[in-house]
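Q: Okay, handing you the structure first.
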Amino acid sequence: MSEIEQETTPKKPKVPRQKMPEQDPIERAHNFYEVALGYENDLALLEASRCLKCKKPYCMKGCPVEVDIPDFVEMVKQGDFISAAWKVKEKNSLPRIAGRVCPQETQCEATCVLGKKGKGEPCAIGRLERFVADYAAKYGEGAMPELPKPTGLKVASVGSGPAGLTLAGALTRKGISVTVLEALHELGGVLVYGIPEFRLPKAIVRSEVDELRKMGVEFKTNWVVGRIETVDDLLEKYDGVFIGTGAGAPLFLNIPGENLNGVYSANEYLTRSNLMKAYLFPQSDTPVARGRKVVVFGGGNVAMDSARTALRLGAEEVTIVYRRTMEELPARAEEVHHAVEEGVQFKLLTAPVQIKGNEAGWVVGLRCQQMKLGEPDDSGRRRPVPVEGEFFDIECDCAIVAIGNAANPLVPSTTKGLDTNKWGNIVADLETGKTSKDRVWAGGDIVTGAATVILAMGAGRKAALAMLETFGIS
Amino acid sequence: MFDILEIERIAPGVSRAVIKAPDIARAHQPGQFIILRAHEDGERIPLTVADKDTQAGTLTLVWQEVGVSTYYLGTMCAGERLQDMCGPLGTPTHIEKFGTVVGIGGGIGVAPLHPITKGMKAAGNRIVSIVGARTKELLIMIEDMRKISDELLISTDDGSFGIHGFVTQVLQDVIARGEPIALCVAIGPVPMMRAVVKVTREANIPTVVSLNPIMVDGTGMCGACRVEVGGKTKFGCVDGPEFDGFQVDFDLLSKRLAMYKGPELVALNRFRETDRGCKCQFPGGAA
Numbered sequence: 006m007s008e009i010e011q012e013t014t015p016k017k018p019k020v021p022r023q024k025m026p027e028q029d030p031i032e033r034a035h036n037f038y039e040v041a042l043g044y045e046n047d048l049a050l051l052e053a054s055r056c057l058k059c060k061k062p063y064c065m066k067g068c069p070v071e072v073d074i075p076d077f078v079e080m081v082k083q084g085d086f087i088s089a090a091w092k093v094k095e096k097n098s099l100p101r102i103a104g105r106v107c108p109q110e111t112q113c114e115a116t117c118v119l120g121k122k123g124k125g126e127p128c129a130i131g132r133l134e135r136f137v138a139d140y141a142a143k144y145g146e147g148a149m150p151e152l153p154k155p156t157g158l159k160v161a162s163v164g165s166g167p168a169g170l171t172l173a174g175a176l177t178r179k180g181i182s183v184t185v186l187e188a189l190h191e192l193g194g195v196l197v198y199g200i201p202e203f204r205l206p207k208a209i210v211r212s213e214v215d216e217l218r219k220m221g222v223e224f225k226t227n228w229v230v231g232r233i234e235t236v237d238d239l240l241e242k243y244d245g246v247f248i249g250t251g252a253g254a255p256l257f258l259n260i261p262g263e264n265l266n267g268v269y270s271a272n273e274y275l276t277r278s279n280l281m282k283a284y285l286f287p288q289s290d291t292p293v294a295r296g297r298k299v300v301v302f303g304g305g306n307v308a309m310d311s312a313r314t315a316l317r318l319g320a321e322e323v324t325i326v327y328r329r330t331m332e333e334l335p336a337r338a339e340e341v342h343h344a345v346e347e348g349v350q351f352k353l354l355t356a357p358v359q360i361k362g363n364e365a366g367w368v369v370g371l372r373c374q375q376m377k378l379g380e381p382d383d384s385g386r387r388r389p390v391p392v393e394g395e396f397f398d399i400e401c402d403c404a405i406v407a408i409g410n411a412a413n414p415l416v417p418s419t420t421k422g423l424d425t426n427k428w429g430n431i432v433a434d435l436e437t438g439k440t441s442k443d444r445v446w447a448g449g450d451i452v453t454g455a456a457t458v459i460l461a462m463g464a465g466r467k468a469a470l471a472m473l474e475t476f477g478i479s
Numbered sequence: 004m005f006d007i008l009e010i011e012r013i014a015p016g017v018s019r020a021v022i023k024a025p026d027i028a029r030a031h032q033p034g035q036f037i038i039l040r041a042h043e044d045g046e047r048i049p050l051t052v053a054d055k056d057t058q059a060g061t062l063t064l065v066w067q068e069v070g071v072s073t074y075y076l077g078t079m080c081a082g083e084r085l086q087d088m089c090g091p092l093g094t095p096t097h098i099e100k101f102g103t104v105v106g107i108g109g110g111i112g113v114a115p116l117h118p119i120t121k122g123m124k125a126a127g128n129r130i131v132s133i134v135g136a137r138t139k140e141l142l143i144m145i146e147d148m149r150k151i152s153d154e155l156l157i158s159t160d161d162g163s164f165g166i167h168g169f170v171t172q173v174l175q176d177v178i179a180r181g182e183p184i185a186l187c188v189a190i191g192p193v194p195m196m197r198a199v200v201k202v203t204r205e206a207n208i209p210t211v212v213s214l215n216p217i218m219v220d221g222t223g224m225c226g227a228c229r230v231e232v233g234g235k236t237k238f239g240c241v242d243g244p245e246f247d248g249f250q251v252d253f254d255l256l257s258k259r260l261a262m263y264k265g266p267e268l269v270a271l272n273r274f275r276e277t278d279r280g281c282k283c284q285f286p287g288g289a290a
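First to last, the sequence lines map onto chains A and B. Using the working numbering, read the first sequence as starting at 6 and increasing by one per residue. Using the working numbering, read the second sequence as starting at 4 and increasing by one per residue.
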């Protein structure tokens with residue numbers, strides 16, 4: 006039942022990288038079930054057998070939370086899946102999530118010796134992580150790490166996204182009592198409002214949160230820090246405060262027609278579909294526009310998520326409109342691949358200059374400008390420049406703006422003495438999360454600008470370690 | 004938390020409820036709103052706060068039944084509990100001693116007007132309140148408004164109670180008296196706010212309006228509540244809900260408020276078939 010990913014296998018190792026079974030593209034483009042189905046035991050054993058168990062494990066250097074990769078893979082090899090899961094959880098409190106949404110190809114797997122110098126393909130570390138974590142959730146019921154005696158110290162995390170949850174896990178394991186404050190009614194931040202069900206089922210986020218709750222983490226939902234109380238109020242009750250509020254303020258293109266009906270920020274479109282379950286409407290009460298011809302502006306993972314969501318909501322045609330070419334798409338290769346497989350189209354070297362509407366104020370199409378690639382910009386990618394006078398129209402009845410997020414000012418603007426940079430991001434030491442304000446740490450997108458789940462987890466972990474050091478706990 | 008302590012119908016299609024929410028009551032300031040979900044599959048809907056009692060730890064909400072969520076709320080009973088309530092949200096009203104402040108509330112708009120004028124009164128302003136509705140039955144919170152007003156003027160479009168006419172006509176009369184008016188606060192249906200602004204602009208009276216765009220998260224994360232003010236896009240939930248009435252694009256607001264008309268009717272008709280929904284009266288509602 007295992008499919009082989011590559012026809013031509015390298016001499017060493019003999020076993021090829023094991024492909025993860027997936028739902029058929031045609032079928033899955035019309036449902037919200039998870040796309041990737043995960044390894045079964047036999048595939049996991051086979052894949053783990055490929056690990057060379059390097060003396061110097063470069064893979065670990067590629068992991069933002071420094072999971073003991075060779076050790077856990079060795080445990081998989083020996084069939085001890087539960088222990089393998091706990092090995093991962095020592096460093097990563099959310100392995101079922103990381104195993105699904107981490108860009109492993111640019112992290113642990115990028116530095117895997119098996120994949121170096123074009124010799125072959127790296128060990129599928131991410132798929133193994135997902136496998137062991139799912140296995141432990143299914144069969145490892147009741148197993149809990151032993152917690153030390155409570156230290157009496159209390160920490161509040163503002164935000165329950167990947168940074169806050171990781172911090173909560175790391176501190177709880179050291180006897181610190183953590184309260185996680187969440188503005189929305191569900192826990193998980195971007196994991197529940199942003200990442201679609203078909204990439205990360207919400208039941209998995211819930212199970213990871215439940216595990217933290219069992220460990221003693223306290224959660225408060227519907228709690229908007231900056232409105233119901235300030236960070237200064239929190240500092241009176243807690244020994245330390247971590248701000249992990251994410252990058253939740255959507256950017257728009259600032260072109261005419263952007264406030265027409267049927268034009269969404271990706272945040273709104275995805276929040277309606279994911280958090281509010283608009284895909285089940287009218288079983289759930291929240292609607293979302295069911296566009297026939299949907300366009301998505303942007304080329305990142307959020308753009309891919311939006312496009313694939315639009316397909317599943319019944320769109321006949323979904324087009325990603327991007328200013329550069331396929332080469333420059335910032336999305337993960339796997340996400341682009343999945344989108345293409347499912348039938349998402351790409352309109353490249355195209356920049357919308359105007360969104361057109363009808364009398365009732367609904368979007369009916371775009372005016373676009375043809376672009377070409379110019380000199381590289383600061384990011385190293387070739388800058389798109391307009392081709393003079395070349396314009397064309399695209400018909401659509403729904404448009405989704407997925408060009409990124411700015412920092413949400415709610416917490417910084419209500420916290421005295423907390424420095425921000427010119428983009429509104431909180432200034433914090435990237436190694437420790439320390440901010441300009443005493444006893445306040447920050448990490449994740451609110452510091453770095455929009456990045457990845459695992460980098461936010463890494464920031465949560467680093468801030469937790471820095472707090473422990475400040476509190477004098479080893 | 005979020006227990007419904009009292010609930011009553013105060014006008015056809017309009018209800019008032021007192022909800023246990025001590026943390027929100029403590030933090031709430033005039034002009035701020037809350038977002039609630041009545042049940043697990045419910046929408047997040049923004050509702051204005053009509054009053055609060057910090058000591059009792061309660062908020063008073065007033066809403067009009069327009070869609071499935073507000074109709075659902077209207078079927079709830081004392082002793083039931085809201086699934087979620089989040090707040091306070093939005094930027095509080097800028098309150099200081101201005102002089103004479105005219106507060107205008109149309110229909111359900113009287114509810115959010117109440118805490119604002121209450122705050123203005125406490126800051127030492129002279130309060131002239133103009134409360135209007137289509138007809139007598141739809142006038143709400145008259146006694147509440149009387150308590151916090153130096154002068155209360157009531158009008159109905161059909162003349163069934165008080166002055167016969169629109170609130171704008173009453174406003175014009177007040178302006179004509181020549182008393183200097185420092186500020187006007189107008190809250191109500193979009194056509195009413197638009198009409199008020201037309202009058203106050205001519206009279207050069209600064210006018211604050213409170214907008215009620217569709218929202219989802221209410222914290223500035225999604226941008227569902229985009230409004231245009233002075234040609235710039237603003238988020239109703241964090242930049243507002245109050246804006247300079249002279250600058251607001253009311254046309255856009257009306258169109259955006261109508262965005263989900265089709266689906267709203269689908270949901271409402273479906274709700275009517277449920278055990279809860281069949282108890283509802285649909286005065287001017289779904290067909």
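We put the CB at the ideal spot given by N, CA and C, even for glycine. Owing to the predicted nature of the structure, the values given are computational and were not obtained by experimental measurement.
Indicate whether ALA336 (chain A) and ASN306 (chain A) have their beta-carbon atoms separated by less than 8 angstroms.
A: The answer is yes: Cβ separation under 8 angstroms.
Q: From the DSSP secondary-structure annotation, give me the bridge partner or partners of PHE224 (chain A).
A: DSSP, once it has assigned bridges, lists A:VAL185 as partnering PHE224 (chain A).
Q: What does SER270 (chain A) reach in chain B if we use C-beta pairs closer than 7 angstroms?
A: CYS225, GLY226
Q: Report the rounded CA-to-CA distance for GLY287 (chain B) versus LYS264 (chain B), giving the unit in angstroms.
A: Unreliable positioning characterises GLY287 (chain B) in this predicted model, as indicated by a pLDDT of 49, which lies under 50. The coordinate reading is nonetheless provided below. Their Cα atoms are separated by approximately 15 angstroms.
Q: For ASP382 (chain A) and ARG204 (chain A), what's the separation of their Cα atoms in angstroms?
A: 32 angstroms
Q: If the cut is a Cβ gap below 7 angstroms, which residues of chain B does SER311 (chain A) touch?
A: For SER311 (chain A), no chain B residue has a Cβ inside 7 angstroms of its Cβ, as the nearest lies near 13 angstroms away.
Q: Taking the straight line between their C-alpha atoms, what separation do you get for GLU45 (chain A) and THR276 (chain A)?
A: When rounded, the separation of the alpha-carbon atoms in GLU45 (chain A) and THR276 (chain A) is 32 angstroms.
Q: Can the beta-carbon of VAL183 (chain A) be found less than 8 angstroms from the beta-carbon of MET462 (chain A)?
A: no
Q: Rounding to the nearest angstrom, what Cα-Cα distance links ASP139 (chain A) and VAL345 (chain A) in this structure?
A: Whole-angstrom Cα-Cα distance: 28 angstroms.
Q: Would you list the one or two residues that DSSP bridges to PHE396 (chain A)?
A: A:GLN374
Q: Tell me, please, which residues DSSP counts as bridged to TYR198 (chain A).
A: Paired residues: none, contrary to the question.
Q: Within this structure, are the beta carbons of SER158 (chain B) and ILE166 (chain B) separated by less than 8 angstroms?
A: yes
Q: Could you pull the start and end residues of the beta strand (DSSP E) that ASP56 (chain B) belongs to?
A: For ASP56 (chain B), the enclosing beta strand (DSSP E) stretches over residues 48 to 56.
Q: Note down, one range per segment and in chain order, each beta strand (DSSP E) of at least 3 residues found wholly within the stretch 263 to 335 of chain A.
A: 268 to 270, 298 to 302, 322 to 326
Q: I'd like to know if the stretch 377 to 397 of chain A and the stretch 407 to 414 of chain A are in contact, where contact means that at least 3 CB-CB pairs between them fall below 8 angstroms.
A: no
Q: Within 10 angstroms of the Cβ of SER384 (chain A), are there 16 or more other Cβ atoms? Answer buried if so, exposed if not.
A: It counts as exposed.
Q: Consider the Cβ of CYS283 (chain B): report whether some Cβ of chain A lies at a distance smaller than 8 angstroms.
A: no
Q: Comparing C-alpha positions only, which one of A:MET309, A:ALA115, A:ILE87, A:GLU321 sits nearest to VAL299 (chain A)?
A: A:GLU321
Q: With the cut-off set at 8 angstroms, would you say ILE133 (chain B) and VAL170 (chain B) are in Cβ contact?
A: yes
Q: Give the straight-line distance between the Cα atoms of ARG40 (chain B) and THR355 (chain A), rounded to the nearest whole angstrom.
A: 41 angstroms
Q: Taking C-alpha atoms, which residue in A:ILE74, A:ALA365, A:LEU460, A:ASN36 lies nearest to GLU202 (chain A)?
A: A:ASN36
Q: Name, in chain order, the residues that DSSP records as bridge partners for MET410 (chain A).
A: The amino acid occupying residue 410 (chain A) in the given sequence is Asn; Met does not appear at that position. Paired residues: A:PRO255.
Q: Please state whether the Cβ-Cβ distance between SER72 (chain B) and ILE38 (chain B) is less than 8 angstroms.
A: At a Cβ-Cβ threshold of 8 angstroms, SER72 (chain B) and ILE38 (chain B) do not count as neighbours.
Q: Between the C-alpha atoms of GLU8 (chain A) and PRO127 (chain A), what's the straight-line distance to the nearest angstrom?
A: For GLU8 (chain A), the pLDDT reaches just 47, beneath the cut-off of 50, and the residue's location in the model is therefore unreliable, leaving the point undetermined.
Q: What residues match up with GLY109 (chain B) in a beta bridge as DSSP calls it?
A: B:GLY135
Q: ASN413 (chain A): buried (16+ other C-beta within 10 angstroms of its C-beta) or exposed?
A: buried
Q: Taking ILE233 (chain A) as the query, report the chain B residues whose CB atoms sit under 8 angstroms from its CB, ordered along the chain.
A: ASP26, ILE27, ALA30, GLY90, PRO91, listed in chain order.
Q: Report the three-state DSSP secondary structure of MET4 (chain B) (helix, strand or coil).
A: coil
Q: What in chain B is Cβ-close to GLY366 (chain A), meaning under 9 angstroms?
A: ASP254, LEU255, SER257, LYS258, ARG259, ALA261, MET262
Q: Are any of the Cβ atoms in chain A nearer than 8 angstroms to that of ASP160 (chain B)?
A: no
Q: With a threshold of 16 other CB atoms inside 10 Å of the CB of SER418 (chain A), please say whether the residue is buried or exposed.
A: Label assigned to SER418 (chain A): exposed.
Q: Could you check where the alpha helix (DSSP H) with GLN350 (chain A) kicks off and where it finishes?
A: Counting along the chain, GLN350 (chain A) falls outside any alpha helix (DSSP H), though it belongs to the beta strand (DSSP E) covering 350 to 352.
Q: Measure the CB-CB distance between VAL137 (chain A) and ALA208 (chain A) and report whether it falls below 8 angstroms.
A: no
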